[in-house]
Amino acid sequence: MKFENVLIRFFPTVYTEANFVEKTFQSLKSQGFTAENAIAIVDVCRDEISQPFLRLVKDKWGEAFNLCSLAGMFFAGRTALLAAMHHAPRQDGRERYVFFAIPHVAVDGGGQIGVCERPGVGESNACGALNAFLKELQKGKLNVSLDENDLEQSLLKMRLLKEIPYGQVPDLLSLTRLVQKVIITDLENALRPIINPGKCDYAVISGIQIHGPDGNYVCPSPSYAIVKGTRQDLFLPGAKCV
Ligand SMILES: [Zn+2]
């Protein structure tokens, strides 16, 4: 199966990364969020092939607070959220935060899920952290202790094992979809007790970043803005780009 066919089969709507950032920017503008009055807060994988997303967000929103971790898991916690929120501009008596929380997966030209080409490396994997976790699951021998020399991967395994039924081994795409939901759940759980809708508006933008043979794409997941305490789902206009 070719890359394009994998997109059509597994990702109902796909935008180029730049188009996704532009569409969400425009959509949030209509909800009162601008580069001048909001801070962007980004959580993607540490992988260098995920970083173009950060640069695109920076171009639109200005420098972003960085929550990145392996696989884009939300491990930065309440302290990081409080710091990011304290750095938000204060305009009209309100603060505005725009969260982007987006895990990733590669799909190569031949449609192999999890496979990408890296300059000087050749065939490689993404997400490598999820791939390593899957390999342990497949072996049926999983180290779930907290390794002080491998904190993020230890936490990743501990957190995801709570979501995977005992004995089951998901495929990489199913695991990536699970990670997307886990990241949003964990972000929302950390946010809820510390956010004041009386003085803060915020948006949570999510999806899956796809590394294709010709660049990065994003398949959006349900995203929303909370403005003056009222939730508005964000609908991204535009057609499929493949
Ligand atoms: Zn990764």
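Positions 53 to 294 (my numbering) are the ones given, in order, by the sequence shown. Idealized CB from N, CA, C, for every residue including glycine. From a predicted model like this one, the values you see are computed outputs, not experimental measurements.
{"Check": "The segment 129-142 touching the segment 221-237, judged by at least three CB pairs closer than 8 Å", "Outcome": "no"}
{"Check": "Buried versus exposed, by CB contacts within 10 Å (16 or more), Leu122", "Outcome": "buried"}
{"Check": "Residue range of the beta strand (DSSP E) that includes Gln164", "Outcome": "Segment: none, Gln164 is in no beta strand (DSSP E) and carries neither H nor E."}
{"Check": "Proximal residues to Thr76 (C-beta, below 6 Å), its chain only, five neighbours per side dropped", "Outcome": "Ile257"}
{"Check": "Distance CB(Ala92)-CB(Phe55) smaller than 8 Å", "Outcome": "no"}
{"Check": "DSSP bridge partner residues for Tyr67 (one or two, in chain order)", "Outcome": "Val270"}
{"Check": "Alpha helix (DSSP H) runs contained entirely in the segment 152-220, provided each spans 4 or more residues", "Outcome": "180-191 and 203-213"}
{"Check": "Every unbroken alpha helix (DSSP H) within the segment 223-282, with a cutoff of 4 residues, ordered by chain", "Outcome": "224-243"}
{"Check": "At least three beta-carbon pairs within less than 8 Å, the segment 78-97 to the segment 197-212", "Outcome": "no"}
{"Check": "Residues bridged to Phe297 [DSSP beta-bridge criterion]", "Outcome": "The question about residue 297 has no answer, for the chain in this structure spans 53 to 294."}
{"Check": "Inter-residue CB distance, Ile154 and Val96 (contact presumed, cutoff 8 Å)", "Outcome": "5 Å"}
{"Check": "Glu88, DSSP secondary structure in three states", "Outcome": "coil"}
{"Check": "Beta carbon of Asn239 nearer than 8 Å to that of Phe126", "Outcome": "Before going on, a small fix: residue 239 reads as Leu here, not Asn. Yes, Cβ-Cβ distance for Leu239 and Phe126 is below 8 Å."}
{"Check": "Within 6 Å of ligand 1: residues by beta-carbon to any heavy atom", "Outcome": "Cys97, Asp99, Ala123, His156, Ala178, Cys179, Gly180 and Ala181"}
{"Check": "Residue span of the alpha helix (DSSP H) that contains Gly129, given as start and end", "Outcome": "Gly129 to His138"}
{"Check": "Limits of the alpha helix (DSSP H) - the one that Ile60 falls within", "Outcome": "Phe55 to Phe62"}
{"Check": "Closer than 8 Å to chain B by CB, Ala153", "Outcome": "Annotation note: the requested chain B is absent from the structure, which comprises a single protein chain."}
{"Check": "Candidates Asn201, Gln261, Leu212 and Leu243, of which the one nearest Ala70 by Cα", "Outcome": "Gln261"}
{"Check": "Which residues DSSP lists as bridging Arg146, in chain order", "Outcome": "Gln143"}
{"Check": "Rounded straight-line distance, which links the Cα of Phe105 to that of Gly114", "Outcome": "13 Å"}
{"Check": "Secondary structure of Gln284, DSSP reduced to three states", "Outcome": "strand"}
{"Check": "Asp111, DSSP secondary structure in three states", "Outcome": "helix"}
{"Check": "Same chain only: Cβ atoms within 7 Å of Val167, ignoring 5 sequence neighbours per side", "Outcome": "Ala158, Asp160, Glu175 and Asn177"}
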